[in-house]
Amino acid sequence: MTGLVLGVTACSAAAPTPRPTLARASSDTVTVVAERSAADRSVRTSRALFRPAPGAVVAPAGDADAVRDAASAAVGAHVPALLVDSGSKEATAAVADELERLGASWYRAFDDVTLDTQVEERDVPEVGQRAEAGRASRQTVLVADRSDDAAAVASARAADAQVVVMPSGVSDPAASGAVVRAMHGAQGRPTLLLGASFADLGDPEWVVRAAQTGYRIGGGGQRPFDGHRYTALYGAPGAPVLGVLGEQDPAASVARARKLAEQYRGLSDVPVTPAFEIGTVSAREVNGVSGWLAGVEELLRRGHPDADAGADHVRGAADALAGHLPVNGRGFSTDWRPVAGFVGRS
0 MTGLVLGVTA
10 CSAAAPTPRP
20 TLARASSDTV
30 TVVAERSAAD
40 RSVRTSRALF
50 RPAPGAVVAP
60 AGDADAVRDA
70 ASAAVGAHVP
80 ALLVDSGSKE
90 ATAAVADELE
100 RLGASWYRAF
110 DDVTLDTQVE
120 ERDVPEVGQR
130 AEAGRASRQT
140 VLVADRSDDA
150 AAVASARAAD
160 AQVVVMPSGV
170 SDPAASGAVV
180 RAMHGAQGRP
190 TLLLGASFAD
200 LGDPEWVVRA
210 AQTGYRIGGG
220 GQRPFDGHRY
230 TALYGAPGAP
240 VLGVLGEQDP
250 AASVARARKL
260 AEQYRGLSDV
270 PVTPAFEIGT
280 VSAREVNGVS
290 GWLAGVEELL
300 RRGHPDADAG
310 ADHVRGAADA
320 LAGHLPVNGR
330 GFSTDWRPVA
340 GFVGRS
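Below, the structure is given as structure tokens:
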């Protein structure tokens, strides 16, 4: 009798809610979701992040309140959030097709949504099961504009992806120090670039790999002139006649450059980085090759990592030694004409 009771109890227990499964992608995969409409981007994001999912939430793209409610429900249930564009039959059909691809047994419509589908419409479960996946399957989603893609961002959060939001007005990931730092910490994960502005990003695979593994300039990021300002000391170590950089030893020059940059940081809305503009041929005429090179090497060593350096070459006179300086930029001055024993401009 006891066995019979146990058997009845087992048969009457509620079936567990199916667990969503994340899409498989290699760690070096870079997916660009840059369709023009938020509805199309929501479907593409779902395809990129989920394989099967037990259900989905759907809202009209033009209703901000409905999108917000759908996004919240999607995150709680760990299912995709999809948008329909009432003016596009293709977009509505794409959502129905996505429900079929997901193998969804239900969907929840927020506000006025009509779909041609056999999937049942019903309420969202209060608590959904999180997707099972290894670290490499949990993608990093770089978002151009969170407000434009609230539904797709919700899908990313539902998939336990790492969501990184671009600063306002910045479309190049390498130009933001915060984004590069986040990407650097996301090595070994697939990456999804979400937003219409990423359609114009040249070679997105290279940009992502560079952000994850490449050199970062002082103040953050990898683009020296996007989102940065510099205060530079010009000259060369040991040659005070060439500029303020040579008026003190390298250690004092680093301290002076940092102090100068600090004076401007409260006046700028972007990072202000101390920098050195190092004269090459002219400085060696004054200080000798060995003294010049030793001073430059000490300057760069003491200034690393928060100070940048550039080399100022005389066109046609920069030799292999100056050309191999480990600096971030190079300039060629056409108005300097070094001759034996000269100091200054010709």
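Residues in the sequence shown are numbered consecutively from 0, following numbering that gives the first Met the number 0.
Built from N, CA and C at the ideal position, the CB exists for glycine as well.
Check whether the Cβ atoms of residue i and residue j sit closer than 8 Å, and answer yes or no.
i: alanine 369; j: valine 179; result: Here the chain comprises residues numbered 0 to 345, so residue 369 is not present and cannot be evaluated.
i: proline 53; j: valine 78; result: yes
i: alanine 256; j: proline 273; result: yes
i: valine 56; j: valine 140; result: no
i: alanine 103; j: glutamate 120; result: no
i: alanine 33; j: alanine 157; result: no
i: leucine 48; j: valine 66; result: no
i: alanine 346; j: alanine 150; result: This structure gives no information on residue 346, because the portion of the chain shown stretches from 0 to 345.
i: alanine 177; j: glycine 219; result: yes
Would you kindly work out how many angstroms separate the C-alpha atoms of residue i and residue j, rounded to a whole number?
i: serine 167; j: serine 175; result: 10 Å
i: serine 154; j: alanine 93; result: 16 Å
i: valine 253; j: methionine 182; result: 29 Å
i: leucine 244; j: arginine 228; result: 19 Å
i: aspartate 148; j: tryptophan 105; result: 23 Å
i: leucine 232; j: valine 142; result: 37 Å
i: glutamate 97; j: valine 271; result: 47 Å
i: threonine 116; j: alanine 95; result: 6 Å
i: threonine 20; j: alanine 63; result: 28 Å
i: alanine 14; j: alanine 76; result: With a pLDDT of 47 at alanine 14, under the threshold of 50, the modelled position of that residue is not reliable, and the figure given next carries that caveat. Approximately 16 Å, taken between the alpha carbons.
i: alanine 90; j: glycine 61; result: 13 Å
i: leucine 239; j: lysine 258; result: Reading off the sequence, residue 239 comes out as proline, not leucine. Answer to the nearest angstrom: the Cα atoms are 19 Å apart.
i: leucine 114; j: serine 41; result: 16 Å
Less than 6 Å between C-beta atoms, sequence neighbours within five positions excluded: which residues of the same chain meet that for residue i?
i: glutamate 204; result: Val29
i: alanine 186; result: Per the sequence presented here, residue 186 reads as glutamine, with alanine not at that position. Same-chain partners within the cutoff: Gln211.
i: arginine 222; result: Ala173 and Ala174
i: valine 31; result: Leu192, Phe197 and Pro203
i: alanine 24; result: Pro189
Tell me whether residue i is buried or exposed, calling it buried when 16 or more other Cβ atoms sit within 10 Å of its Cβ.
i: aspartate 84; result: buried
i: glycine 184; result: exposed
i: phenylalanine 224; result: exposed
i: arginine 43; result: buried
i: leucine 266; result: exposed
i: aspartate 39; result: buried
i: glutamate 276; result: buried
Can you find the residues in the same chain that come closer than 7 Å, C-beta to C-beta, to residue i, ignoring five residues on each side of it along the sequence?
i: glycine 234; result: Leu241, Gly242, Val243, Leu244, Gly245 and Gly278
i: valine 206; result: Pro172, Ala173 and Leu200
i: serine 26; result: Ala135, Gly187, Arg188 and Pro189
Between which residues of its own chain and residue i is the CB-CB distance below 8 Å, once the five residues before and five after are set aside?
i: arginine 145; result: Val152 and Val164
i: serine 87; result: Ser36 and Ala38
i: arginine 46; result: Ala22, Glu97 and Arg100
i: valine 112; result: Val57, Ala58, Pro59 and Val83
i: glutamine 247; result: Arg255
i: alanine 160; result: Leu48, Arg137, Gln138, Thr139, Val140 and Leu191
i: tyrosine 263; result: Arg228, Thr230 and Val271
Uninterrupted alpha helix (DSSP H) stretches inside the region 206 to 281 (no shorter than 4 residues): 249 to 264
Minimum length 4: unbroken alpha helix (DSSP H) runs contained in the region 13 to 82: 37 to 48 and 63 to 76
Contiguous beta strand (DSSP E) assignments of at least 3 residues, all confined to the region 100 to 182: Counting only runs of 3 or more, we get 105 to 108, 139 to 142 and 161 to 164.
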